[in-house]
Amino acid sequence: MFRLVEKRYLFLALSLLVIVPGVLSLIFKGLNVGIDFAGGSSLSLRPEKQLTITTVRNLLKPFPLKDVQVQLGSDQTLASKGTLWVRLNTTVDSTVQNAIKKDLQTLYKSTSLGITFDDLTYKGKKVTIVTVTNFPKGVTPKVEDISKALSKLPNTTDTTKSSSSSAVSSATPTPTSGPSVARTPTPTANAQATATAAAQATATAQAKKATPTPTATARATATATATATATPSSGSSSNPANIPVKVMEIRQGTTTQTINILTVTPLDANLQAAIESAFINQGNTYVQLLQTATVQGSVAADTQRNAVLAVIAASILILLYIWFSFRKVPRPWRYGVCAVIALVHDVLVVVGISSILGWTVGFQVDALFITALLTVIGFSVHDTIVVFDRIRENMQRRTVETFEEVVNASLVQTMARSLNTSLTVLFTLAALTLFGGVSIRPFTGTLLLGIFSGTYSSIFNASMLLVIWEKGELGLSWLKERFGGGQPAATSGRRARERELTTTRG
Amino acid sequence: MRRGTALLLLLIVILAACAAYIDWPNTPGIHILGINHDFKVNLGLDLQGGVRALLVPSNPNEQVTDETIQAARNLIEQRVNGGLGVSEPSIRVQQNGNQYSISVELPGFNTGNQTQALQTLLQAGNLEFWDTGSTPLSENSTFDPSQYTSTNPGGKPWFTGKDLDPSQIGVSTDSSGQLQINFAMKGDAVAKFGQFTQQHIGDYLTVTLDRKVIQSAVIQSAINGPGVITGRFTLQEAQSIATVLRYGALPIALKIASLQTVGPTLGTDSIQKSLIAGAIGLGMVVLFMLLYYRLPGLLADLALALYAGLTFAVFKVIGVTLTLAGIAGFILSIGMAVDANVLIFERVKEELRAGRLLAAAIDVGWKRAWPSIRDSNFSTIITCLVLFFFGNTFGATIISGFATTLILGVLISMFTAIVVTRTFLNVLVPTGVINHPALFGLPAGSIAAATAGRRSSL
Numbered sequence: 001m002f003r004l005v006e007k008r009y010l011f012l013a014l015s016l017l018v019i020v021p022g023v024l025s026l027i028f029k030g031l032n033v034g035i036d037f038a039g040g041s042s043l044s045l046r047p048e049k050q051l052t053i054t055t056v057r058n059l060l061k062p063f064p065l066k067d068v069q070v071q072l073g074s075d076q077t078l079a080s081k082g083t084l085w086v087r088l089n090t091t092v093d094s095t096v097q098n099a100i101k102k103d104l105q106t107l108y109k110s111t112s113l114g115i116t117f118d119d120l121t122y123k124g125k126k127v128t129i130v131t132v133t134n135f136p137k138g139v140t141p142k143v144e145d146i147s148k149a150l151s152k153l154p155n156t157t158d159t160t161k162s163s164s165s166s167a168v169s170s171a172t173p174t175p176t177s178g179p180s181v182a183r184t185p186t187p188t189a190n191a192q193a194t195a196t197a198a199a200q201a202t203a204t205a206q207a208k209k210a211t212p213t214p215t216a217t218a219r220a221t222a223t224a225t226a227t228a229t230a231t232p233s234s235g236s237s238s239n240p241a242n243i244p245v246k247v248m249e250i251r252q253g254t255t256t257q258t259i260n261i262l263t264v265t266p267l268d269a270n271l272q273a274a275i276e277s278a279f280i281n282q283g284n285t286y287v288q289l290l291q292t293a294t295v296q297g298s299v300a301a302d303t304q305r306n307a308v309l310a311v312i313a314a315s316i317l318i319l320l321y322i323w324f325s326f327r328k329v330p331r332p333w334r335y336g337v338c339a340v341i342a343l344v345h346d347v348l349v350v351v352g353i354s355s356i357l358g359w360t361v362g363f364q365v366d367a368l369f370i371t372a373l374l375t376v377i378g379f380s381v382h383d384t385i386v387v388f389d390r391i392r393e394n395m396q397r398r399t400v401e402t403f404e405e406v407v408n409a410s411l412v413q414t415m416a417r418s419l420n421t422s423l424t425v426l427f428t429l430a431a432l433t434l435f436g437g438v439s440i441r442p443f444t445g446t447l448l449l450g451i452f453s454g455t456y457s458s459i460f461n462a463s464m465l466l467v468i469w470e471k472g473e474l475g476l477s478w479l480k481e482r483f484g485g486g487q488p489a490a491t492s493g494r495r496a497r498e499r500e501l502t503t504t505r506g
Numbered sequence: 507m508r509r510g511t512a513l514l515l516l517l518i519v520i521l522a523a524c525a526a527y528i529d530w531p532n533t534p535g536i537h538i539l540g541i542n543h544d545f546k547v548n549l550g551l552d553l554q555g556g557v558r559a560l561l562v563p564s565n566p567n568e569q570v571t572d573e574t575i576q577a578a579r580n581l582i583e584q585r586v587n588g589g590l591g592v593s594e595p596s597i598r599v600q601q602n603g604n605q606y607s608i609s610v611e612l613p614g615f616n617t618g619n620q621t622q623a624l625q626t627l628l629q630a631g632n633l634e635f636w637d638t639g640s641t642p643l644s645e646n647s648t649f650d651p652s653q654y655t656s657t658n659p660g661g662k663p664w665f666t667g668k669d670l671d672p673s674q675i676g677v678s679t680d681s682s683g684q685l686q687i688n689f690a691m692k693g694d695a696v697a698k699f700g701q702f703t704q705q706h707i708g709d710y711l712t713v714t715l716d717r718k719v720i721q722s723a724v725i726q727s728a729i730n731g732p733g734v735i736t737g738r739f740t741l742q743e744a745q746s747i748a749t750v751l752r753y754g755a756l757p758i759a760l761k762i763a764s765l766q767t768v769g770p771t772l773g774t775d776s777i778q779k780s781l782i783a784g785a786i787g788l789g790m791v792v793l794f795m796l797l798y799y800r801l802p803g804l805l806a807d808l809a810l811a812l813y814a815g816l817t818f819a820v821f822k823v824i825g826v827t828l829t830l831a832g833i834a835g836f837i838l839s840i841g842m843a844v845d846a847n848v849l850i851f852e853r854v855k856e857e858l859r860a861g862r863l864l865a866a867a868i869d870v871g872w873k874r875a876w877p878s879i880r881d882s883n884f885s886t887i888i889t890c891l892v893l894f895f896f897g898n899t900f901g902a903t904i905i906s907g908f909a910t911t912l913i914l915g916v917l918i919s920m921f922t923a924i925v926v927t928r929t930f931l932n933v934l935v936p937t938g939v940i941n942h943p944a945l946f947g948l949p950a951g952s953i954a955a956a957t958a959g960r961r962s963s964l
């Protein structure tokens with residue numbers, strides 16, 4: 001027969017070995033919370049043509065976005081042909097922007113056209129992309145009309161100041177659907193950030209977006225700012241308006257598709273421009289920015305607190321229930337307390353290890369973590385009670401053995417059941433974790449850890465604590481007996497045993 | 507076979523048949539006796555997509571703070587979940603500068619035109635009772651309080667949604683089959699409403715929701731108890747309005763700024779993968795039970811199949827939305843449902859080893875295992891009830907949703923493990939065909955010689 005109870009301090013030490021680092025990590029590093037709790041940013045785009053979710057994911061892969069969720073949608077109120085993109089050969093100053101606006105507003109006899117200017121990277125070179133939307137009702141815009149209206153544009157000053165020669169040389173038309181350039185767009189985005197933006201309305205507006213602007217659609221601000229700074233560029237005299245501006249390509253939307261991107265990473269203007277550039281270069285599709293915003297978590301702010309309170313309340317009730325249910329054995333409330341300690345043990349193991357995995361391998365805690373933790377709690381108590389029940393039964397039957405022996409016998413008797421139940425659950429979980437989709441891996445992984453801990457604590461902690469408590473090893477009396485010069489332990493063997501029997505049998 | 511056993515067997519067969527009917531992928535549903543249920547499985551946003559509505563404050567004069575928008579968000583979440591917390595929406599507060607908006611993603615709603623139902627669910631939900639004197643107002647017209655200041659002192663309604671008792675709001679049909687919303691006032695408002703209706707008999711009582719008339723009817727007599735609002739609603743609208751009234755009005759008025767249908771966030775490959783993984787896991791559980799416990803294991807596997815069928819049927823009936831994680835949890839619960847069986851079989855084995863007759867061993871084993879099954883499951887049920895109460899009281903739907911599905915799983919697994927497996931064994935034991943020790947995974951000769959067959963009273 002296994003003498004499990006004799007090794008009780010070893011089992012408890014093993015638990016502490018896991019819990020202590022976990023709790024320390026939790027205190028100093030916290031949990032690596034995902035977008036469900038922490039919130040992040042959302043970006044809604046509307047592509048020029050239909051994209052698949054895999055394409056979008058691949059386009060986003062090179063960017064340092066944490067916890068990205070991509071969702072494709074369709075907004076029937078967006079007329080598929082109602083957005084046009086005009087790519088210019090260079091970045092342009094506000095004079096050119098105003099000229100474009102005036103031309104288009106004249107063409108469609110509407111001042112409410114949505115016209116935005118974005119400086120994006122096209123094949124490694126920074127150019128302005130004009131997005132035109134919000135055409136008057138009943139009007140289907142045509143590429144030829146816009147092409148004609150924008151045939152004569154004024155020259156622009158060099159908005160980058162440093163690459164005037166290359167701007168002129170690249171003025172030769174490029175094929176509309178050029179091969180994609182395999183180049184990470186990040187460096188260019190940085191270049192955009194450092195660009196002096198005195199005469200650069202779009203850049204100003206986009207920079208402002210980093211500190212939130214008071215409009216829902218940031219591009220509207222871009223337009224507004226462009227009008228506000230419409231005075232002719234009084235920039236340095238060394239920067240004359242001598243770069244010819246040409247329309248390189250005009251494309252019209254073909255879809256009502258929308259792309260919703262959620263990420264924990266704050267999306268500043270640079271990152272956003274870089275993402276849009278990636279769509280153009282690698283995805284060969286222009287995108288219209290529908291909305292960008294910071295988002296709060298999808299788990300209500302006080303849910304965590306409520307979950308903790310609920311678990312505390314449930315623990316108290318479980319303690320009371322076990323107290324009631326074990327009322328025929330002496331000191332029944334100790335069983336309740338030990339079951340709750342085992343429960344706390346499992347919570348600490350799961351939360352602690354999740355915290356450690358958070359900063360070591362980037363394990364992220366999402367809304368399902370709450371669900372997983374609650375499942376673990378339910379399982380833990382369930383398991384502990386089965387063992388305690390056996391102790392209760394044996395206490396009534398085996399009246400000549402010490403408490404220690406009864407607990408040990410009960411543990412051995414329930415071992416097959418504990419292992420079998422845990423094994424079936426662990427089988428299922430292991431299969432789900434190993435072969436299931438990546439998206440549920442954190443969930444099933446957390447459960448795997450928790451169920452394992454639950455089984456361990458019900459066998460090796462809860463009952464051991466009962467024995468330790470019953471023998472008074474935690475209290476001062478035990479310390480006194482051992483170190484305070486009382487009777488030596490060896491001589492008191494038989495008498496202690498008798499005394500214990502009388503106390504445990506009440 | 508004893509009478510009780512036969513009855514139980516019949517009950518099990520009927521339950522299994524019902525579950526099979528509901529679980530059938532193309533089930534015709536039930537459409538009789540006023541019950542209308544399609545038994546469609548609701549899949550989550552990750553699996554089938556849904557709609558995504560962007561709500562923005564519609565009244566520019568209203569002050570929107572972080573608290574009010576959070577409160578609005580929580581209310582919408584409660585409305586969408588309608589109590590059980592199993593609808594799996596994703597609702598986020600968004601912010602751009604000082605402009606707040608709420609993004610609401612709901613699974614489903616993307617088949618057919620359900621915009622109306624969605625709009626009802628997302629409206630502010632200010633219910634008001636007005637006295638419009640002798641003027642009846644037509645339904646759906648916009649109500650202008652300034653025209654009725656003579657009968658409504660100060661241009662204020664007599665009663666509002668805040669005076670209603672949330673627990674008494676429901677939908678029913680009157681004798682002519684017209685849908686109506688039941689309500690009752692609460693607290694002081696009960697007496698005040700009785701007094702008001704007493705004093706204004708003959709006047710038109712006009713009920714408005716967000717200043718749109720939903721009913722305008724003559725007060726026939728004093729209404730001292732519950733009342734009804736009869737309007738022209740579809741069932742879905744009536745239920746949405748009832749839900750909106752139950753949880754109260756939003757602190758700010760919102761409008762739908764954009765509405766898009768969204769596709770699933772997960773590819774079909776990940777669904778496929780997880781289902782295969784689930785099948786592998788379950789296959790291992792079934793095989794394990796069969797190899798370790800032999801014949802009882804086989805019976806337990808049958809009981810497990812019934813557990814899965816019944817649980818899935820209940821999920822379909824109460825409209826649990828299944829996300830991928832929900833499916834994983836469901837598969838996991840099947841693994842956990844064997845627990846009671848394992849407990850019982852271990853005890854039966856012990857009793858057999860102790861030399862008891864098979865029938866007696868099963869009896870005693872069951873009795874001995876019962877306290878631990880009872881206590882462990884009761885404690886889980888207590889946890890569920892506490893979680894459900896907290897989740898519902900504080901609007902943490904994720905917690906109440908968990909509690910709902912877990913308590914269903916516990917109850918059904920107790921039923922299948924205890925009643926179903928027991929009945930199967932009771933049917934088989936008296937026949938005497940299962941007395942071979944190997945069927946129980948025990949060495950030969952370990953089942954006492956006096957066979958149960960002789961003692962049976964078939």
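Same order as they appear, the protein sequences are chains H and D. All letters in the first sequence, in the order written, are residues 1 to 506 by this note's numbering. All letters in the second sequence, in the order written, are residues 507 to 964 by this note's numbering. Here a beta-carbon is modelled for each residue, glycine too, at the ideal position from N, C-alpha and C.
Asked	Found
Assigned secondary structure, ASN98 of chain H (DSSP; H/G/I helix, E/B strand, else coil)	helix
For TRP664 of chain D, the three-state DSSP class (helix, strand or coil)	coil
Chain-ordered chain D contacts of THR77 of chain H [CB-CB under 9 Å]	SER764, LEU765 and GLN766
Alpha-carbon spacing of THR657 of chain D relative to GLY639 of chain D, whole angstroms	6 Å
CB of LYS662 of chain D within 9 Å of CB of PRO651 of chain D, strictly	yes
Assumed close pair ALA831 of chain D, ILE440 of chain H - CB separation to whole angstroms, cut-off 8 Å	5 Å
Burial state of ARG3 of chain H (16 or more Cβ within 10 Å)	exposed
Cut-off 7 Å between Cβ atoms - residues of its own chain near LEU796 of chain D, not counting five sequence neighbours on either side	GLY803, LEU804 and ASP807
PRO936 of chain D at chain H interface by Cβ criterion, 9 Å	no
Integer Cβ distance of MET248 of chain H from ASN89 of chain H, believed to fall under 8 Å	5 Å
Cα-Cα separation between THR263 of chain H and GLY437 of chain H, rounded to whole angstroms	20 Å
Three-state secondary structure assigned by DSSP to CYS524 of chain D	helix
Interface residues of the stretch 375-408 of chain H facing chain D [CB-CB below 9 Å]	THR375, ILE377, GLY378, PHE379, VAL381, HIS382, ASP383, THR384, ILE385, VAL386, VAL387, PHE388, ASP389, ARG390, ARG392 and GLU393
CB contact below 9 Å: ARG417 of chain H versus chain D	yes
Cβ-Cβ separation, GLU594 of chain D to PRO566 of chain D (assumed contact under 8 Å), whole Å	Rounded, the Cβ-Cβ distance is 33 Å, inconsistent with contact.
Straight-line gap, VAL18 of chain H to GLN625 of chain D (C-alpha atoms, nearest Å)	51 Å
Residues, ordered as in the chain, of the stretch 768-790 of chain D that lie near chain H by beta-carbon distance below 9 Å	VAL768, GLY769, PRO770, THR771, LEU772, GLY773, ASP775, SER776, ILE777, GLN778, LYS779, SER780, LEU781, ILE782, ALA783, GLY784, ALA785, ILE786, GLY787, LEU788, GLY789 and MET790
Residue interval of the beta strand (DSSP E) (run including GLU611 of chain D)	605-613
Where ASP389 of chain H falls, given that 16 or more other Cβ within 10 Å makes a residue buried	buried
CB contact below 9 Å: THR140 of chain H versus chain D	no
Cut-off 8 Å between Cβ atoms - residues of its own chain near ALA834 of chain D, not counting five sequence neighbours on either side	SER780 and GLY784
Beta carbon of MET464 of chain H nearer than 9 Å to that of VAL5 of chain H	yes
Residue from H:VAL311, H:ILE261, H:VAL412 and H:SER422 with nearest C-alpha to THR292 of chain H	H:ILE261
Element boundaries [beta strand (DSSP E), containing LYS779 of chain D]	Here LYS779 of chain D belongs to no beta strand (DSSP E); instead the alpha helix (DSSP H) covers 774-824.
Proximal residues of chain D, C-beta to C-beta of TYR321 of chain H below 7 Å	PHE884, SER885 and ILE888
Boundaries of the beta strand (DSSP E) in which LEU760 of chain D is found, first to last residue	760-768
Per-residue contacts from ASP869 of chain D into chain H (C-beta, under 8 Å)	What ASP869 of chain D touches in chain H: nothing, since even the nearest Cβ is about 17 Å away.
Beta-ladder partner(s) of PRO534 of chain D, from DSSP	The partner list for PRO534 of chain D (beta bridge, DSSP) is empty, contrary to what the question assumes.
Residue-chain proximity (ARG558 of chain D, chain H), Cβ-Cβ < 9 Å	yes
THR655 of chain D versus TRP636 of chain D: straight-line alpha-carbon distance, rounded	10 Å
Sufficient close CB pairs (3 or more, under 8 Å) joining the stretch 306-321 of chain H to the stretch 120-134 of chain H	no
CB contact below 9 Å: ASP346 of chain H versus chain D	no
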